[in-house]
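Residue numbers (the numbering used here): 499 to 711.
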């Protein structure tokens with residue numbers, strides 16, 4: 499089960515395998531990138547008795563265009579490799595790398611449009627107050643009838659456009675394979691001012707390639 503926090507672009511995602519195992523703890527699966535456990539923790543948005551997630555997390559920094567394959571380990575198979583950290587399962591991510599042969603260039607581009615579809619129904623007849631009586635320190639909106647603004651909630655949101663452009667090149671020899679990629683993301687949010695602009699640059703070369711002798 500993958501649940502994304504409703505905090506807009508770059509929000510953290512809760513990934514639960516085989517159901518929750520803790521009532522108040524973190525049930526997220528362990529993220530492993532190229533054999534290295536990844537810090538996928540996210541700060542809590544507010545204090546409370548149950549775990550909540552409202553900020554971004556480490557996995558949001560992984561460029562999807564650099565992912566080659568994803569494997570899921572559950573139960574004892576995950577714990578055997580990564581111990582107690584994988585008590586909730588593990589997601590193994592393998593990123594792309596250079597391959598022997600001629601150099602290739604790949605381009606991936608996409609565009610999308612997001613807009614509000616379903617909103618709660620609000621009454622637009624009564625003002626602030628309760629029981630038909632106006633009140634400045636009252637949180638309810640059941641005061642006297644007055645001037646209201648229809649669609650004031652819907653008009654607050656805006657259409658959000660998102661653009662993704664990624665280019666990568668890879669190739670080389672058996673001893674010196676190389677992979678280089680650059681990705682530009684411009685992700686808009688439906689809340690004004692809530693957007694994400696990100697640039698990813700990835701370089702993969704053999705170990706020791708940059709050692710000068």
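All residues carry an ideal CB built from backbone N, CA and C; glycine is no exception.
Assuming residue i contacts residue j under a Cβ cut-off of 8 Å, what Cβ separation, rounded to an integer in Å, is found between them?
i, j, result
"residue 568", "residue 513", "Their Cβ separation, rounded to whole angstroms, is 11 Å, which puts residue 568 and residue 513 out of contact at 8 Å."
"residue 554", "residue 510", "5 Å"
"residue 566", "residue 594", "5 Å"
By how many angstroms is the C-alpha of residue j removed from the C-alpha of residue i?
i, j, result
"residue 620", "residue 614", "15 Å"
"residue 703", "residue 664", "19 Å"
"residue 515", "residue 526", "8 Å"
"residue 660", "residue 631", "46 Å"
"residue 532", "residue 605", "23 Å"
"residue 608", "residue 633", "50 Å"
"residue 675", "residue 689", "44 Å"
"residue 671", "residue 678", "15 Å"
Can you tell me which of the options puts its alpha carbon nearest to the alpha carbon of residue i?
i, options, result
"residue 628", "616, 605, 608 and 643", "643"
"residue 591", "504, 618 and 536", "536"
"residue 524", "577, 505, 565 and 587", "587"
"residue 597", "499, 502, 504 and 673", "673"
"residue 585", "572, 594, 593 and 595", "572"
"residue 534", "625, 583 and 505", "583"
"residue 624", "635, 645 and 612", "645"
Looking only at its own chain, which residues have a Cβ that is under 7 Å from the Cβ of residue i, when we skip the five neighbours before and after it?
i, result
"residue 558", "508 and 510"
"residue 693", "507, 685, 686 and 687"
"residue 651", "617 and 620"
Near residue i, what residues of its chain come up, given a Cβ to Cβ distance below 6 Å and the 5 sequence neighbours on each side ignored?
i, result
"residue 681", "561, 563, 664 and 698"
"residue 683", "662 and 696"
"residue 576", "584, 587 and 588"
"residue 556", "536, 537 and 538"
Using a Cβ-Cβ cut-off of 8 Å (strictly less than) and excluding sequence neighbours within five positions of residue i, which residues of its own chain qualify?
i, result
"residue 602", "667, 668 and 669"
"residue 519", "525, 585 and 586"
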